[in-house]
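Participant: Shown below is the structure under consideration.
Protein chains in written order, with the working numbering: chain S, 6 to 256; chain X, 2 to 321.
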């Protein structure tokens, strides 16, 4: 269980997160949706202590994040940021093995490479196994980095825009994998995402965020009925949810 | 990859053995059959062997330091000069030469000054407990310039007949007066070398963006300080023993990458071997090209500068 308790954060007097209260349960996928600059990424970063909130606290399995050392956090949370600028021409498996860093004292052993190969097979990415990471396309890089996060084997998965730079098929592929993986391992997945329809198709709960505040936090079916998305983006949007389908059109 | 490294090692051993016979006095290959065997044995054991061993140790150390700097700064131009370490060491040695000619004293001053300059760089670059790349490079330039001006001052006050030539010659680097005492000091380099070798894979992780590295549970700031500290130790020991041997720390890592690729698991080993080989061969040239001794710093720079240009182009073409 992951709990955010009244967290506030500001930089140079500008407040970025305002009294955030959230609770995440195991076995569910949560999508955070909101306009650019809403504080989504900052909120995610606070979950792995990349930033320290000014007020409030975060609890992972009833343990305050303040009492967990930075190096220990990877055992609880895997985080995948938006931009990855690895310029080093390393082999794909060498990149995935980095996810097992806390288990490695000198150099990764055959055991680690075997596990990396296993993960890459589960993800259906064997065809990338012998390639250099820097020669991959943006989508392939993303998939490999997700494999690296999976290699950390944590109970909580935090993904900052896992779908950016991906084509339509890869978006589905990545999100399908994330949801299946979360469910089958009874994990928590929290991600930010810009596409409302993908948030609807692949997550259980949707969190709407604007100006550093949580606007709404509901299960995906009721949120679009009860909250008018137009207010979130200051744009007239028509949304219709029919069974498992969602239609979104700016008016 | 292991095979390539093995070939390099064989090449090093071969060059090592061959270097024994190279120098102003040619040692014949069948010297132990000759009547004046003792004469040649003295040359080999007392003069050449310590020199060859030390040139390998220092070549490996300087190259390894360069490899580490380039990885943790994520900058292919990073080298001992960027931290101002080279000038810090040089200034200390110059003061040592000014105060007395004592070799131990010169080395001690050089070491202290080198470490001092590195700490100064850290102090200036440190912001809120973290050191980012840009501020490290800037403070390296600041500290380097400061120590180079101090070095100029030391040269200005030096006695032009006696001390000034000694400082100038020392600055150009030389293995000419090397004995087993120096080799013993040089062996201290093995400690940082072993630690860096043990942690070599983490240099790959250090190449990630800070945030990304922290997110996968890597204490990048501590690792960076540890690695820079160890490399600085290597550079200080090297420079205090034989003076400034320019360009080795910059060029050899690039050669190593051209041979074994970018995985630091192999680059670290390759740059140790290639560095040893490179300085060994440069020293062979330095002592045998003319009847006198050419300072090795001149030889390494003369070879390295065009070589670096070539490697830069090659690596670029390879990665295109």
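Glycine included, each C-beta is placed from N, C-alpha and C at the ideal position.
Cβ of residue 155 of chain S less than 7 angstroms from any chain X Cβ?
Facilitator: No - not a single Cβ of chain X is within 7 angstroms of the one on residue 155 of chain S.
Participant: Assuming contact is defined by CB atoms lying nearer than 7 angstroms, are residue 105 of chain S and residue 152 of chain S in contact in what I supplied?
Facilitator: Contact: no.
Participant: Please tell me whether residue 148 of chain S has its Cβ less than 7 angstroms away from any Cβ of chain X.
Facilitator: No, residue 148 of chain S does not count as interfacial toward chain X.
Participant: Would you kindly work out how many angstroms separate the C-alpha atoms of residue 22 of chain X and residue 273 of chain X, rounded to a whole number?
Facilitator: Taking the straight line from one Cα to the other gives about 23 angstroms.
Participant: Could you name the residues of the same chain whose beta carbon sits closer than 6 angstroms to that of residue 229 of chain S, not counting the 5 residues immediately before and after it, in chain order?
Facilitator: Correct list, in chain order: 244 and 246.
Participant: In terms of DSSP beta bridges, what is residue 22 of chain S paired with?
Facilitator: S:14.
Participant: In terms of residues, what are the limits of the alpha helix (DSSP H) holding residue 97 of chain X?
Facilitator: Residue 97 of chain X -> alpha helix (DSSP H) spans 86-100.
Participant: Which residues share a DSSP beta bridge with residue 255 of chain S?
Facilitator: Its beta-bridge partners are S:242.
Participant: At a Cβ threshold of 7 angstroms, is residue 313 of chain X touching chain S?
Facilitator: No, residue 313 of chain X does not count as interfacial toward chain S.
Participant: Could you work out which residue in S:225, S:126 and S:186 is closest to residue 209 of chain S when comparing CA atoms only?
Facilitator: The candidate whose alpha carbon is nearest that of residue 209 of chain S is S:225.
Participant: When DSSP labels each residue in this structure, what does residue 130 of chain S get in the three-state scheme?
Facilitator: Looking at residue 130 of chain S - three-state DSSP - the assignment turns out to be coil, as it is neither helix nor strand.
Participant: What distance in whole Å lies between the Cβ atoms of residue 275 of chain X and residue 257 of chain X, which are believed to be in contact at a cut-off of 8 angstroms?
Facilitator: Rounded, the Cβ-Cβ distance is 5 angstroms, consistent with contact.
Participant: Quick one, are the C-beta atoms of residue 1 of chain X and residue 237 of chain X less than 7 angstroms apart?
Facilitator: Any property of residue 1 of chain X remains undetermined from this structure, which presents chain X solely from 2 to 321.
Participant: With respect to the alpha helix (DSSP H) encompassing residue 12 of chain X, which residues constitute its N-terminal and C-terminal limits?
Facilitator: Here the alpha helix (DSSP H) through residue 12 of chain X covers 3-20.
Participant: Under 9 angstroms, CB to CB, which of the residues in the segment 109-121 of chain S have a partner in chain X?
Facilitator: Answer set for the segment 109-121 of chain S: 109, 110, 111, 112 and 113.
Participant: Leaving out five residues before and five after residue 131 of chain S in sequence, what residues of the same chain have Cβ atoms less than 7 angstroms from its Cβ?
Facilitator: If we look at residue 131 of chain S and ignore the five residues flanking it on each side, its Cβ neighbours are 125.
Participant: Indicate whether residue 81 of chain S and residue 195 of chain S have their beta-carbon atoms separated by less than 7 angstroms.
Facilitator: No.
Participant: Going along chain X in order, which residues have a C-beta closer than 7 angstroms to the C-beta of residue 84 of chain S?
Facilitator: Here the neighbours are 216.
Participant: If you draw a straight line from the C-alpha of residue 87 of chain X to the C-alpha of residue 7 of chain S, how long is it?
Facilitator: Distance between the alpha carbons of residue 87 of chain X and residue 7 of chain S is about 51 angstroms.
Participant: In angstroms with no decimal places, state the Cα-to-Cα distance between residue 288 of chain X and residue 54 of chain S.
Facilitator: Roughly 58 angstroms between the two C-alpha positions.
Participant: How many Å lie between residue 172 of chain S and residue 307 of chain X at the Cα?
Facilitator: Taking the straight line joining both Cα atoms gives about 45 angstroms.
Participant: One question on the structure: do residue 187 of chain S and residue 176 of chain S come within less than 7 angstroms of each other, judged by their Cβ atoms?
Facilitator: No, they are not a contact pair.
Participant: Do we get a CB-CB distance below 7 angstroms when we pair residue 8 of chain X with the residues of chain S?
Facilitator: Not one chain S Cβ lies under 7 angstroms of residue 8 of chain X.
Participant: Could you give the C-beta distance for residue 92 of chain X and residue 148 of chain X, rounded to a whole number, given that I count them as a contact under 8 angstroms?
Facilitator: That belief holds up - the Cβ atoms of residue 92 of chain X and residue 148 of chain X are roughly 5 angstroms apart, short of 8 angstroms.
Participant: Whose C-beta lies closer than 7 angstroms to the C-beta of residue 224 of chain X among residues of the same chain, with five residues either side of it excluded?
Facilitator: Answer for residue 224 of chain X: 203 and 207, listed in chain order.
Participant: Which of the three DSSP states is assigned to residue 210 of chain S in this structure?
Facilitator: The answer is strand: DSSP assigns residue 210 of chain S an E or B state.
Participant: Which of the three DSSP states, helix, strand or coil, is assigned to residue 221 of chain S?
Facilitator: Of the three classes helix, strand and coil, the one that applies to residue 221 of chain S here is strand, per DSSP.
Participant: Between which two residues does the beta strand (DSSP E) containing residue 63 of chain S stretch?
Facilitator: Per DSSP, residue 63 of chain S belongs to the beta strand (DSSP E) from 60-65.
Participant: Rounding to the nearest angstrom, what Cα-Cα distance links residue 37 of chain X and residue 49 of chain X in this structure?
Facilitator: In a straight line, the C-alpha of residue 37 of chain X is about 17 angstroms away from that of residue 49 of chain X.
Participant: Buried or exposed for residue 216 of chain S, going by 16 or more other Cβ atoms inside 10 Å?
Facilitator: Counting Cβ neighbours within 10 Å, residue 216 of chain S comes out exposed, since fewer than 16 surround it.
Participant: Kindly list, in the order they appear in chain S, the residues whose Cβ is closer than 8 angstroms to that of residue 202 of chain X.
Facilitator: Simply 109, 111, 112 and 113.
Participant: Count the other CB atoms within 10 Å of the CB of residue 67 of chain S; is the residue buried (16 or more) or exposed (fewer)?
Facilitator: By the neighbour-count rule (16 or more Cβ atoms within 10 Å), residue 67 of chain S is not buried but exposed.
Participant: Mind listing the chain X neighbours of residue 55 of chain S? Cutoff is C-beta to C-beta under 9 angstroms, in chain order.
Facilitator: Near residue 55 of chain S (Cβ distances below 9 angstroms), the residues of chain X are 212, 215 and 216.
Participant: When the Cβ atoms of the segment 47-64 of chain S are set against those of the segment 11-22 of chain S, are three or more pairs found closer than 8 angstroms?
Facilitator: The answer is yes - the segment 11-22 of chain S touches the segment 47-64 of chain S, with three or more Cβ pairs under 8 angstroms.
Participant: Beta carbon of residue 98 of chain S, beta carbon of residue 83 of chain S: below 7 angstroms?
Facilitator: No.
Participant: Below 8 angstroms on C-beta distance, what does residue 205 of chain X contact in chain S?
Facilitator: By Cβ distance, chain S contributes 93, 95, 99 and 103.
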